[in-house]
Amino acid sequence: MEYKMQLTDEQLAILNGSRGETMAKVLKTLVMYGDIFGAEKLVPVTHKEGHLVTSFGIALMKPLFSTMDKLIDAGLTTEGKFTVDPRPLEYENVKCNLLEKIGFHVMYKKQKDYEEQLKKVGLRNEKAFSCACYLDEVGNIPKEGDILSWAESSAVVYANSVLGARCNRNSGMIELFGLIAGYVPYFGLLTDEGRRAKWKVIVNTTKKPEAQILGSAIGMKVMEDVPYVYGLDKYLGNEINDDAISYLKDFGAATASNGAVGLYHIDGLTPEAKRLGDSLIEDDAQVYEITDEELERVYKSYPLMWKNKDAKPNLCFIGCPHLTYKQLSDWCDKIEAGLKATGRKKVAVRTIMTTPPDVKAKFMKDEKYGKLISMGVKIASICPLMYTNNPMTKGRAIITNSNKLRTYSVAKYLKDDDICDVICGKELN
Amino acid sequence: MKEFHGRVIAGGNWCGEAVVSHAGVNTLATFQKSALHNDDHVIVSDQNNSDIYGLNITGKALCLPITIGSTTGGLVIQTVCSMKINPSAFLFSEHIDSLAASGIVLARIWEDSDVIAIDNLGEEFLNTVKTGGKVEIKEDGTVIVY
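Keeping their order, the protein sequence lines are chains A and B. Position 356 (the first sequence) corresponds to 379 in this note's numbering; numbering is contiguous. Position 125 (the second sequence) corresponds to 252 in this note's numbering; numbering is contiguous.
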């Protein structure tokens, strides 16, 4: 094969088949991918624990299963163990009717086989299924400066921005190949140059912006560029505490799904912004001002995709990306107050909150877990997006506070306060 | 007729109909519905992209700035290529993004796909080419818009 980057003797030998045909193809894929971006070399992955985006055994993804089989047949595994995005199904907490179950059975009939494949290649354990792998309870936490081979857009943008690790927006399969090879091509967000901001975003609002709408607005404006955001530290403070983690997780997921942001800097808060300040900003950076009016414009631009636009909501998903412990606790307080105001004991709309298995296990020891359950809320660890992929669920009028879920499904997005009002039985104007 | 020159990511000669998105194409949102239904062609299902929503893009030249959205994007491109319901060509006005690049490489190496990809065609290309118009692609990265 022709390639442009500098390779070591060992890498050349692998390309020439020293570790078998499949390993040669794995490395060839990484080299071709890197060459497209002018990568001058492959660099070692320093945080050996990976995170994979593909957690679902959708039957039609034949290339995924056949490639996994080839890796397994060749005896290839990752050096460290990896976490992976959430499972698609959890009947115990996300009940389905018969038709939906049939739909899920057909769609995800390869789930069990695929999980077996994941185990053979390097899956950490049965609880390793969450998009928020970087939370303390899950514990896949890179250090600042670590080189990663991860996918899952929300996890990559979090690792780059909040943890200061270095990872490109890798696709599913590429991230696994990087973990198997132990190398990734050196370009883009791995380089100092690639981490410089091409946009100055000025947050000039009268109150703390809804994380998911702010992220959506910025994502749609800057697309794949790096934004440097001023004015958010006023609301989030200057330390990465539990509230900031929750906010930045949701903000980042919206920037990455409504656009293609892989890294953002928050002035006075995120590690590189604190260390390097506005020297991170390109001289010719464009400016985007965020006002209350701009956020409202973006919010009102979301199309309503329900078949019956006047339908009453009958299912609510909160937790895409998966909720933190603090968010579960805060939602418990919020719903409790909401129900008190409407005089109800249980939520008026079937509500499912999603969180990593390890966070759920910890939260189950908290008295608020019992409270949430008694208020009719279910706590699960599935991927809501995978649930909504089932055509049999399309008739449901689903509401969510996730801009990512809105983007990939027909779910209607509502702001946190509005969604709380609806599930507590208050009519919205 | 106007001629543009881009960088060859995956080359080939082809002539056919263009479908144009001026906004970034969200790969998962665009392809997922048709792929999940195992359809024999892709009707774009991305509600946020009014340029191409509802259009058939199988066997067409998809003209776009970049792809955006979920990091399943590359795997989705690999999958639609393996199902042979992919656009015949991806013509990027900007530098190809990492997800689309992954998908093209995965499709070429692991699926023996003949999908074509050319990038860096420039903003004028996207302003010139129209949905339903004819484009001709040459092995060296030349794209002729009729």
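Note that CB positions come from ideal geometry on N, CA and C, so glycine has one too. Source: prediction; values computed, not measured.
Cβ of residue i within 7 Å of any chain B Cβ
i: Glu-305/A; result: no
i: Ala-240/A; result: no
i: Pro-111/A; result: no
i: Val-49/A; result: no
i: Pro-165/A; result: no
i: Gly-195/A; result: yes
i: Met-84/A; result: yes
i: Val-66/A; result: no
i: Asn-424/A; result: no
i: Pro-344/A; result: no
i: Asn-183/A; result: no
i: Tyr-206/A; result: no
i: Ala-384/A; result: no
i: Val-370/A; result: no
i: Thr-52/A; result: yes
i: Met-453/A; result: As shown, chain A starts at 24 and ends at 452. That puts residue 453/A outside it, with no answer to give.
With 16 other Cβ atoms within 10 Å as the buried cut-off, status of residue i
i: Ala-364/A; result: exposed
i: Tyr-114/A; result: exposed
i: Asp-301/A; result: exposed
i: Tyr-157/A; result: buried
i: Ser-229/B; result: buried
i: Arg-147/A; result: buried
i: Glu-198/A; result: buried
i: Pro-250/A; result: buried
i: His-74/A; result: buried
i: Asn-281/A; result: buried
i: Asn-331/A; result: exposed
i: Cys-142/B; result: exposed
i: Asn-426/A; result: buried
i: Glu-271/A; result: First, the residue type needs correcting, since residue 271/A is Leu and not Glu in the sequence shown. When all chains shown are included, Leu-271/A counts as buried.
i: Gln-29/A; result: exposed
i: Ser-177/B; result: exposed
i: Arg-218/A; result: buried
i: Lys-27/A; result: exposed
i: Asp-444/A; result: buried
Min CB distance residue i to chain A below 7 Å
i: Thr-185/B; result: no
i: Leu-202/B; result: yes
i: Leu-189/B; result: no
i: Ile-195/B; result: yes
i: Asn-165/B; result: yes
i: Leu-226/B; result: yes
i: Ile-179/B; result: no
i: Trp-237/B; result: yes
i: Leu-233/B; result: yes
i: Ala-145/B; result: no
i: Ser-172/B; result: no
i: Ala-156/B; result: yes
i: Gly-151/B; result: yes
Closest Cα partner of residue i within the set the options
i: Ala-462/A; options: Lys-93/A, Glu-63/A, Leu-83/A, Val-68/A; result: In the structure as shown, chain A starts at 24 and stops at 452, and residue 462/A therefore has no counterpart that could be examined.
i: Leu-318/A; options: Lys-438/A, Tyr-206/A, Ile-263/A, Glu-138/A; result: Lys-438/A
i: Pro-109/A; options: Ser-78/A, Ala-279/A, Gly-103/A; result: Ser-78/A
i: Asp-306/A; options: Glu-139/A, Asn-116/A, Ala-220/A; result: Ala-220/A
i: Gln-235/A; options: Ser-269/A, Trp-222/A, Val-433/A; result: Ser-269/A
i: Val-272/B; options: Ser-177/B, His-222/B, Cys-190/B; result: Cys-190/B
i: Thr-377/A; options: Ile-358/A, Cys-339/A, Arg-367/A, Gly-366/A; result: Cys-339/A
i: Lys-51/A; options: Thr-100/A, Gln-34/A, Val-284/A, Pro-67/A; result: Gln-34/A
i: Leu-83/A; options: Phe-127/A, Val-54/A, Glu-44/A; result: Phe-127/A
i: Ala-279/A; options: Ile-81/A, Glu-175/A, Tyr-206/A; result: Glu-175/A
i: Tyr-287/A; options: Asp-159/A, Ser-397/A, Thr-100/A, Val-180/A; result: Val-180/A
i: Ser-153/A; options: Val-433/A, Asp-440/A, Asp-381/A, Ile-402/A; result: Asp-381/A
i: Asp-441/A; options: Pro-208/A, Leu-346/A, Glu-233/A; result: Glu-233/A
i: Tyr-436/A; options: Glu-72/A, Asp-32/A, Val-372/A, Tyr-322/A; result: Tyr-322/A
i: Met-24/A; options: Ile-195/B, Val-270/B, Ile-236/B; result: Ile-236/B
Distance cut-off 6 Å: residue i Cβ against heavy atoms of the ligand MN
i: Ser-177/B; result: Absence of the ligand MN is noted for the structure shown, with no ligands found whatsoever.
Residue ranges of each alpha helix (DSSP H) run of no fewer than 4 residues wholly in the stretch 246 to 303 of chain A, ordered along the chain? 256 to 259, 265 to 281, 294 to 299
List, from N- to C-terminal side, the beta strand (DSSP E) runs of 3 residues or more that fit wholly inside the stretch 102 to 169 of chain A. 105 to 107
Taking three-plus beta-carbon pairs below 8 Å as touching, is the stretch 183 to 191 of chain A in contact with the stretch 210 to 217 of chain A? yes
Is it a yes or a no for the stretch 141 to 153 of chain B touching the stretch 254 to 263 of chain B, going by three-plus beta-carbon pairs under 8 Å? yes
How about the stretch 200 to 209 of chain B and the stretch 161 to 169 of chain B: do they share at least three Cβ pairs that are nearer than 8 Å? yes
Segments assigned alpha helix (DSSP H), at least 4 residues, entirely inside the stretch 303 to 356 of chain A: 315 to 323
Is the stretch 400 to 417 of chain A close to the stretch 337 to 354 of chain A, with three or more CB pairs under 8 Å? yes
Ordered list of beta strand (DSSP E) runs contained in the stretch 383 to 407 of chain A, each at least 3 residues: 400 to 403
Closer than 8 Å is the cut-off here; do at least three beta carbon pairs connect the stretch 385 to 400 of chain A with the stretch 123 to 135 of chain A? no
Can we say the stretch 214 to 228 of chain B touches the stretch 241 to 249 of chain B, given the rule of at least three CB pairs closer than 8 Å? yes
Just checking, does the stretch 158 to 169 of chain A make contact with the stretch 52 to 65 of chain A on the three C-beta pairs under 8 Å criterion? no
Within the chosen definition, does the stretch 343 to 356 of chain A reach the stretch 392 to 403 of chain A through at least 3 CB pairs nearer than 8 Å? yes
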